[in-house]
Amino acid sequence: MKESLMEILCDPLDKSELELEVEERDGEEIIEGRLIGTVTGEEYPIEDGIPNLLPPDMRDD
Numbered sequence: 011m012k013e014s015l016m017e018i019l020c021d022p023l024d025k026s027e028l029e030l031e032v033e034e035r036d037g038e039e040i041i042e043g044r045l046i047g048t049v050t051g052e053e054y055p056i057e058d059g060i061p062n063l064l065p066p067d068m069r070d071d
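Take the sequence shown: its letters are residues 11 to 71, numbered as in this note's numbering.
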């Protein structure tokens, strides 16, 4: 996932902003990390460069 995507991504639950926590990066590409809803506190994983923005009740853990 490119960090520039943060400009257009929002929390799917309430459309608030997301905070980015990076665990692994390759240049401009975020490989592993998580997005956190600033209002809901919900966490959305980034795995293999792909953010999973499915609501929590629709995700396979």
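For each residue, glycine too, the CB sits at the ideal point set by N, CA and C.
Rounded to whole angstroms, what is the Cα-Cα separation between residue i and residue j?
i	j	result
VAL49	ASP21	9 angstroms
ASP58	LYS25	24 angstroms
ARG69	GLU34	22 angstroms
GLY37	LYS12	9 angstroms
ILE18	ASP67	23 angstroms
Quick check on residue i: buried or exposed, where buried means 16 or more other Cβ atoms within 10 Å of its Cβ?
i	result
PRO61	buried
LEU15	exposed
ILE56	buried
Tell me, to the nearest whole angstrom, how far the beta carbon of residue i is from that of residue j; I am working on the premise that it is less than 8 angstroms.
i	j	result
ILE95	GLU53	The question about residue 95 has no answer here: the residues shown for the chain are numbered 11 through 71.
GLY43	LEU30	7 angstroms
PRO65	LEU28	That pair is no contact at about 14 angstroms.
Between which two residues does the beta strand (DSSP E) containing residue i stretch?
i	result
ASP36	28-36
PRO55	53-57
LEU23	Here LEU23 belongs to no beta strand (DSSP E), and DSSP marks it neither H nor E.
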